[in-house]
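**Q** Here it is, the structure, as structure tokens.
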Amino acid sequence: FRQVVKVHQKTVDSYLEDVILNSMESTAEEQSREEIQRMAVEINNIAYEMETRQSNLQSEEIVAELVYSFLIPEVRKMTIKEKVRQVQRKHIHAAHQIIHGNTETAVEQLFSPGFQQATSVDIPQIGLLSVTSTGQDVAKQQEIKPPDSQSQQDKMYEESPCIESARPPEQ
Numbered sequence: 002f003r004q005v006v007k008v009h010q011k012t013v014d015s016y017l018e019d020v021i022l023n024s025m026e027s028t029a030e031e032q033s034r035e036e037i038q039r040m041a042v043e044i045n046n047i048a049y050e051m052e053t054r055q056s057n058l059q060s061e062e063i064v065a066e067l068v069y070s071f072l073i074p075e076v077r078k079m080t081i082k083e084k085v086r087q088v089q090r091k092h093i094h095a096a097h098q099i100i101h102g103n104t105e106t107a108v109e110q111l112f113s114p115g116f117q118q119a120t121s122v123d124i125p126q127i128g129l130l131s132v133t134s135t136g137q138d139v140a141k142q143q144e145i146k147p148p149d150s151q152s153q154q155d156k157m158y159e160e161s162p163c164i165e166s167a168r169p170p171e172q
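Right, dumping it as structure tokens:
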């Protein structure tokens, strides 16, 4: 019987402890909210009073300080980004020229009669679209013509490192 009473007493004690702790927490939270709101009202009143007292010169100083601390660094960042973009544009343009130059050479070799005979594939001679870079990207159509002689054909194979294995066999 005593053990049962002890268990009931401990249960009541823990329940009361929980109730007291919860009420303390809620009271502390309410008090802190009230204090924060009271401080916010005080700060707002002080700021409003200072704003009414300051002159135009002080307002201009505040604006100048904001411009100096935010806008000027932002403009500098934008200028640096634009310079980086211009430098990258030069490199991209050079890479495009290299890629298109090698591609045109490979296409010329692909459509050459010597390559067609070596691979035993009939590839029709067609007009291709070539992009030229003269400051502006202008697409113009040009006809790719096969080389006139064997020496021109050999010269094409020597100039292009891309299609070394496509050289027709010596006869």
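Numbering (our numbering), first residue to last: 2 to 172. Glycine is no exception: its CB is placed at the ideal position from the N, C-alpha and C atoms.
(1) Using only the alpha-carbon positions, how far apart do ASN46 and LEU67 sit?
(2) With DSSP collapsed to three states, give me the class of PHE2.
(3) Quick one: Cα of ALA107 to Cα of ARG90, how far?
(4) Considering SER70, what are the terminal residues of the alpha helix (DSSP H) in which it resides?
(5) Beta-carbon within less than 6 Å of ILE81's beta-carbon, same chain only, minus the 5 sequence neighbours each way: which residues are those?
(6) Please report how far the alpha carbon of GLU61 lies from the alpha carbon of PRO74, in whole angstroms.
(7) Using the C-alpha atoms, what's the distance from THR53 back to ARG34?
(8) Classify GLU109 as buried or exposed, calling it buried when 16 or more other Cβ atoms lie within 10 Å of its own Cβ.
(9) Helix, strand or coil for SER33, going by three-state DSSP, please let me know.
(10) Helix, strand or coil: how does DSSP classify GLN55 here?
(11) Could you tell me if SER113 is buried or exposed, where buried requires 16 or more neighbouring beta carbons within 10 angstroms of its beta carbon?
(12) Just verifying my parser: in three-state terms, what is the DSSP assignment at SER27?
**A** Walking through what the data contain:
(1) 23 Å
(2) coil
(3) 26 Å
(4) Unbroken run through SER70: none, as it is neither H nor E.
(5) none
(6) 19 Å
(7) 29 Å
(8) buried
(9) helix
(10) coil
(11) buried
(12) helix
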